[in-house]
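Read the structure below first, then the notes.
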Amino acid sequence: MPRRASSHPTEVELQILNVLWAQGASSVSRIHEALKPYRSTGLSTTLKMVQVMTEKGLVVKDDSRRPQIFRPAMSQEDAQTGLVDDLLQRAFGGSVDKLVLRALESTKVSESEINQIKKLIGKFERGTK
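Written as structure tokens, this is what we have:
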């Protein structure tokens with residue numbers, strides 16, 4: 562029986578999902594090649610990770626083709642939302658302002674990013690998202 566879909570992928574699972582979001586549905590060998598600069602694991606390890614992700618409902622397998630093709634079961638935005646919601650609750654007690662302030666204080670923010678943030682705040686103030 563498949564495992565319950567997880568909205569919180571592990572670090573390795575996120576790396577695989579990032580590959581799939583970037584290059585689209587892929588075979589295990591294509592996923593493995595894309596991961597090589599970041600992980601020194603064998604093809605069989607990559608295959609096992611993708612199989613576990615399939616069981617967890619994080620990726621979907623297309624058995625109609627050979628080699629089998631895998632695609633993400635969720636959008637990048639949905640995964641990010643789940644991770645941010647989890648972080649917001651667990652680390653910041655649901656306080657959005659504390660999360661945003663910590664993010665802004667702990668990283669170098671470009672002028673372009675500041676302008677994007679200002680535009681987003683303006684949209685929220687006007688009641689449009």
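For the sequence shown, the positions run 562 to 690 when our numbering is used.
Glycine included, C-beta positions come from ideal geometry on N, C-alpha and C.
No experiment lies behind these values; they were computed from the predicted model shown.
Status (buried if at least 16 other CB within 10 Å, exposed otherwise) for residue i
| i | result |
| --- | --- |
| residue 605 | exposed |
| residue 593 | buried |
| residue 640 | buried |
| residue 666 | exposed |
| residue 574 | buried |
CB-CB length for residue i against residue j, believed under 8 Å
| i | j | result |
| --- | --- | --- |
| residue 649 | residue 655 | 6 Å |
Own chain partners of residue i with C-beta closer than 6 Å, once the 5 adjacent residues on each side are dropped
| i | result |
| --- | --- |
| residue 615 | 622 |
| residue 660 | 649, 653 |
| residue 637 | 582 |
| residue 586 | 630, 632 |
Start and end residues, beta strand (DSSP E) containing residue i
| i | result |
| --- | --- |
| residue 632 | 630 to 633 |
| residue 597 | Taken as a continuous stretch (DSSP letters only), residue 597 belongs to no beta strand (DSSP E), as it is neither H nor E. |
Residue i - containing alpha helix (DSSP H), residue span
| i | result |
| --- | --- |
| residue 661 | 657 to 666 |
| residue 680 | 672 to 687 |
| residue 609 | 604 to 617 |
| residue 646 | 637 to 653 |
| residue 583 | 572 to 584 |
Proximity to residue i [Cα-Cα], best of the options
| i | options | result |
| --- | --- | --- |
| residue 572 | 610, 603, 587, 588 | 610 |
| residue 628 | 665, 682, 588 | 588 |
| residue 617 | 666, 602, 669, 569 | 569 |
Near the ligand NAD: residue i beta-carbon under 7 Å from a heavy atom
| i | result |
| --- | --- |
| residue 621 | Within the structure as shown, the ligand NAD is missing, as the structure has no ligands at all. |
Same chain, Cβ closer than 8 Å to residue i, five either side skipped, listed in chain order
| i | result |
| --- | --- |
| residue 620 | 577, 578, 581, 611, 614, 631, 632, 633, 634 |
| residue 596 | 576, 577, 580, 602, 607 |
| residue 590 | 604, 628 |
| residue 662 | none |
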